[in-house]
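Trainee:
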Amino acid sequence: MQFGIFLRNIVTKFDWGVSEKLYYGQDVTKIFFEKLPATMIVNLYSIIFSIPIGIGLGIWAALKKNTLTDYLISTLTMVCISVPSFVYAFLIQYFFSYKLSIFPFLMKGGSDWFSKDMIWSMLPAVMSLSFGVIAGFTRTTRAELTEVLTNDFMLLARTKGLTKAQATIRHAMKNCMVVVLPSIFGNFIGILGGSLIIEKIFGIPGVGGLTLNAINGRDYPIFMLTTCFYTAI
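Heads up: the sequence shown is residues 1 to 233, going by my numbering.
#1: Count the other CB atoms within 10 Å of the CB of P84; is the residue buried (16 or more) or exposed (fewer)?
#2: Would you kindly check if the distance between the Cβ of T211 and the Cβ of F223 is under 8 Å?
#3: With distance defined between alpha-carbon atoms, name the residue in Y23, G193, D15 and N9 nearest to G217.
#4: Under 8 Å: do the region 109 to 124 and the region 54 to 73 share three or more Cβ pairs, one atom per stretch?
#5: What does DSSP give as the partner residue(s) for D27 in the beta ladder?
#6: Between the region 112 to 130 and the region 149 to 156, can you find at least three pairs of beta-carbon atoms closer than 8 Å?
#7: Per DSSP, what kind of secondary structure is V83 in: helix, strand or coil?
#8: Can you tell me whether DSSP reads L76 as helix, strand or coil?
#9: Should I10 be listed as close to the ligand SAM, given that the test is whether its C-beta is under 7 Å from any heavy atom?
#10: Does the Cβ of C228 have 16 or more other Cβ atoms within 10 Å, making it buried, or fewer, making it exposed?
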């Protein structure tokens, strides 16, 4: 009966109940939406940071196909895809925050997401999330552009007088972007779902930290909402 009422309230009123331990008596939905902007902003910065670098490296590798540059970029791409983001987080925290003292260990508190200090304190988390995404964009762009550059219409464009750079930009990149652009949304969803541990490591007041706190504190209403959020993603 209780479970039926719980489901009915979610469907009819989007009511997930109240916090039992972490925010005792407060509405779970309100708490969730207060934490959501931090998660979205960090992941948005990560995808914006990753797109030009990943596509640029992919283009460079495709144009230098079967050279040392191509092999080097492809090897680094496979390494970056294989290593989990939290490993990058610990390395960045150790070298850039502890050894070099360039970045703070934790993200600065506050709600001004576009201030210089806030963005600077957010960079370690953004970098940690970006390595895998950059590698993904690089691999996709290189694969598509390599295939397009070998098509007959590229030869025709060159015979009509276009330089290699003009043919690549005007024709090859347009065809390549048909595959690359839709992958941007997929990568954004991917890092959004994978930022849970990163948020905890860098003290980001987002949904990821809220989820882990709910698990540790056994606050089941919060855990139910955040779990459904990540499952939906």
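Each residue gets a CB set at the ideal place from its N, CA and C atoms; glycine is no exception.
Mentor: The relevant details are as follows:
#1: P84 should be labelled exposed.
#2: Taking a C-beta distance under 8 Å as the contact criterion, F223 and T211 qualify as a contact pair.
#3: Closest option to G217, Cα to Cα, is Y23.
#4: Touching, no, given that fewer than three Cβ pairs across the two stretches are closer than 8 Å.
#5: Note: D27 sits in a beta bridge opposite V18.
#6: With a cut-off of 8 Å, the region 112 to 130 and the region 149 to 156 do not count as touching, because too few Cβ pairs lie within range.
#7: In this structure, V83 counts as coil in the three-state DSSP scheme.
#8: The answer is helix: DSSP assigns L76 an H, G or I state.
#9: In the structure shown, the ligand SAM is absent, as is every other ligand, since no ligand is present at all.
#10: Classification for C228: exposed.
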